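Residues in the sequence shown are numbered from 695 upward in steps of one, following the working numbering. Glycine is no exception: its CB is placed at the ideal position from the N, C-alpha and C atoms. All values reported here derive from a predicted model rather than from experimental measurement.
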Amino acid sequence: MNTANPQLEGLYLAVAAINRLLVEKGVVSHADIQSALQAAERTVLDEDKPLAVSTSHQKAIAFPIRLLLLANEASEQGTKFCFEDLAREVGRRT
695 MNTANPQLEG LYLAVAAINR LLVEKGVVSH ADIQSALQAA ERTVLDEDKP
745 LAVSTSHQKA IAFPIRLLLL ANEASEQGTK FCFEDLAREV GRRT
């Protein structure tokens, strides 16, 4: 991620914290969050109904979704994470 976007890094970590809190409070499960994020990712990357943007733009849109998916997985496993680790893993998996 471009270092010019620290606000976005903070936003992603805030959403991950809210997701974790929702699970801890019993409002949703990790599986619920996973399912919702996977549906969002499919919408962005759907080859049958492509967005009217370039492939690189689609990947950019999918980045925060994928980062939150990884944060959800880490939270479910009780693993601490930081933005840099999550971003590196998103890049490694794509």
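{"Check": "On the premise that GLU735 lies in contact with ARG714, defined as a C-beta separation below 8 Å, what is that separation, rounded to the nearest angstrom?", "Outcome": "Going by Cβ atoms, the distance from ARG714 to GLU735 rounds to 19 Å, so no, they are not a contact pair."}
{"Check": "Taking its Cβ as the centre, do 16 or more other Cβ atoms sit within 10 Å of GLU703, making it buried, or is it exposed?", "Outcome": "buried"}
{"Check": "Taking all protein chains shown into account, decide if ASN699 is buried (16 or more other Cβ within 10 angstroms of its Cβ) or exposed.", "Outcome": "exposed"}
{"Check": "In whole angstroms, what is the alpha-carbon distance linking GLU767 and VAL784?", "Outcome": "12 Å"}
{"Check": "Taking the alpha-carbon positions, what's the ILE747 to PHE775 distance?", "Outcome": "The question names Ile, but residue 747 in the sequence shown is Val. For VAL747 and PHE775, the distance between alpha carbons rounds to 31 Å."}
{"Check": "With a 10 Å radius around its C-beta and 16 neighbouring C-beta atoms as the bar for buried, classify ALA765 as buried or exposed.", "Outcome": "buried"}
{"Check": "Taking the continuous alpha helix (DSSP H) assigned at ALA711, which residues delimit it?", "Outcome": "700-718"}
{"Check": "Alpha carbon to alpha carbon, how far is ALA733 from VAL709? Give it in angstroms, no decimals.", "Outcome": "17 Å"}
{"Check": "Along the alpha helix (DSSP H) that carries PHE757, what are the first and last residues, could you check?", "Outcome": "749-770"}
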